[in-house]
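Participant: Residue numbers (this note's numbering): 4 to 341. Glycine residues also receive a C-beta, built at the ideal position from the N, C-alpha and C atoms. These figures come from a predicted structure and were not determined experimentally. Sending over a structure as structure tokens; questions will come in a sec.
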Ligand code: UD1
């Protein structure tokens, strides 16, 4: 089966391409290289011994999207990652975020609607929950007003897909709400490649340990949590990637119970910032230079997944630990700086 992965050279997308190829799917990647490098293709090929087809297309160009689907009429599934993801930047450039994250989604769904049968997996985020009233967070937790245009595009994206599936008997879809993806492929052939100063915790940790950054700032130690730092659900990107293949197979086999389903994709376990630092030090033997600073605006106190639905309905659960993820992130950081 031929599957389109948009944003397939990005951090999560590239790991999903690997898992798809490992399972025998034929993959076509679309990426406009706005936040990814062509070398990622070599990394994917080194792991799987198979080079996926690649097309450099900007999905905001509707005629190009139409032409692409005309050329690849045998595509039956799409896993859609292509989007911008920097929360702070989205506040500065809302129109760019609404354009990047919503127009391609519309154009792809319009093409899929024309098909006799099609499957769609959407890259969503636990950010849709905001600060949930109850932990762990189930899929039934209400969406809070989004904190940023980025978060809003994920909420609106889900609504667009839901409304479209209602009137498209040949289209079924799953949105996966990721918690905090971290780590890299165990071979260190692919991993996260943040441009500029990393905003996320783990790339900042590994860049500090390798000497690219002088010091990690821990944002706040006065939260109502076990050690005062924020709690998140850090999931190994390889476990996360496998969830996409499982979700796609669910749609292919018509095992979905409604045309549009959502699943939390996390470990179910919350870790504080200080626990992540301690785990990193334990697995790498590196001492991390960090200091406690003021809270970062917009951070929720705690978020971790209730994974019951993913386990029972999807038949998926994580296999790798926080330490596995941190070890792989460190191996990757060492490789790209060598
Ligand atoms: C962030 C985004 C979220 C997005 C996700 C995508 C914000 C506020 N949230 O989630 O919307 O879906 O990335 O990956 O940007 N931390 C430090 N020092 C650092 C960096 C982070 O202490 O230098 C702390 C944060 O305060 C937080 C935790 O580490 O408690 C995780 O932060 P991060 O990796 O940025 O993820 P989120 O904030 O959960």
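With hydrogens ignored, establish whether the beta-carbon of residue 170 is closer than 6 Å to any heavy atom of ligand 1.
Facilitator: No, since every heavy atom of ligand 1 falls outside the 6 Å radius drawn around the Cβ of residue 170.
Participant: Helix, strand or coil: which one does DSSP assign to residue 7?
Facilitator: Of the three classes helix, strand and coil, the one that applies to residue 7 here is strand, per DSSP.
Participant: If we ignore side chains and look at the alpha-carbon of each, how far apart do residue 295 and residue 156 end up?
Facilitator: Spanning the two alpha carbons is a distance of roughly 32 Å.
Participant: For ligand 1, is there a heavy atom less than 6 Å away from the beta-carbon of residue 235?
Facilitator: It does: the Cβ of residue 235 is within 6 Å (strictly closer) of some heavy atom of ligand 1.
Participant: Residue 309: which of 268, 20, 189 sits nearest, CA to CA?
Facilitator: Of 268, 20, 189, the residue nearest in Cα terms is 268.
Participant: Measure the alpha-carbon distance for residue 60 versus residue 34 and round it to whole angstroms.
Facilitator: Cα-Cα distance, rounded: 6 Å.
Participant: Closer than 6 Å: is that where the CB of residue 128 sits relative to any heavy atom of ligand 1?
Facilitator: Correct: residue 128 has its Cβ closer than 6 Å to ligand 1.
Participant: Once the 5 residues before and after residue 186 are set aside, which same chain residues still bring their CB inside 6 Å of it?
Facilitator: If we look at residue 186 and ignore the five residues flanking it on each side, its Cβ neighbours are 239, 240, 328, 331, 332.
Participant: Give me, in chain order, the residues of the same chain whose beta-carbon lies closer than 7 Å to that of residue 150; leave out the 5 immediate sequence neighbours on both sides.
Facilitator: The residues are 133, 301.
Participant: Quick one: measure Cβ to Cβ for residue 55 and residue 31, integer angstroms, because I've assumed they're closer than 8 Å.
Facilitator: Between residue 31 and residue 55 the Cβ distance is about 7 Å, and since that is below 8 Å, they are a contact.
Participant: For residue 178, tell me which candidate among 171, 158, 311, 196 has the shortest Cα-Cα distance.
Facilitator: Considering only alpha carbons, the answer is 158.
Participant: For residue 316, tell me which candidate among 219, 253, 102 has the shortest Cα-Cα distance.
Facilitator: With distances taken between Cα atoms, residue 316 lies closest to 253.
Participant: Quick check on residue 340: buried or exposed, where buried means 16 or more other Cβ atoms within 10 Å of its Cβ?
Facilitator: It counts as exposed.
Participant: If you drop the 5 nearest sequence neighbours on each side, which residues of the same chain put their C-beta closer than 6 Å to that of residue 97?
Facilitator: Around residue 97: 152.
Participant: From residue 276 to residue 337, what distance separates their C-alpha atoms?
Facilitator: One C-alpha to the other measures close to 22 Å.
Participant: Between 237, 4, 192, 225, which lies nearest to residue 51 when the distance is taken from Cα to Cα?
Facilitator: Among 237, 4, 192, 225, the Cα nearest to that of residue 51 is on 192.
Participant: Would you kindly work out how many angstroms separate the C-alpha atoms of residue 84 and residue 23, rounded to a whole number?
Facilitator: Rounded to the nearest angstrom, the two C-alpha atoms are 14 Å apart.
Participant: Measuring alpha carbon to alpha carbon, tell me which residue in 306, 292, 272, 290 is nearest residue 324.
Facilitator: If we check each option's Cα against that of residue 324, 272 comes out closest.
Participant: Can the beta-carbon of residue 180 be found closer than 7 Å to that of residue 127?
Facilitator: Cβ distance < 7 Å, so residue 180 and residue 127 count as in contact.
Participant: When you compare only the Cα positions, how much space is there between residue 11 and residue 140?
Facilitator: Distance between the alpha carbons of residue 11 and residue 140: 28 Å.
Participant: Any chance the CB of residue 221 is under 6 Å from a heavy atom of ligand 3?
Facilitator: Ligand 3 is not part of the structure shown, which contains ligand 1 as its ligands.
Participant: Is the separation between the beta-carbon of residue 129 and that of residue 306 shorter than 7 Å?
Facilitator: It is a contact, given that the beta carbons lie within the stated cut-off.
Participant: Alpha carbon to alpha carbon, what distance is there between residue 202 and residue 292?
Facilitator: Those two C-alpha atoms are separated by around 17 Å.
Participant: So who's on the other strand from residue 237, going by DSSP bridges?
Facilitator: Note: residue 237 sits in a beta bridge opposite 183.
Participant: List the endpoints of the continuous alpha helix (DSSP H) containing residue 342.
Facilitator: One cannot answer for residue 342 here, as it falls past the ends of the chain, which runs 4 to 341.
Participant: Less than 8 Å between C-beta atoms, sequence neighbours within five positions excluded: which residues of the same chain meet that for residue 21?
Facilitator: Within the same chain, residue 21 has close Cβ partners 47, 50, 51, 188, 193, 244.
Participant: Judging by CA-CA distance, which residue of 215, 258, 287, 311 is the nearest neighbour of residue 143?
Facilitator: Looking at the Cα atoms, 311 is the closest of the given residues.
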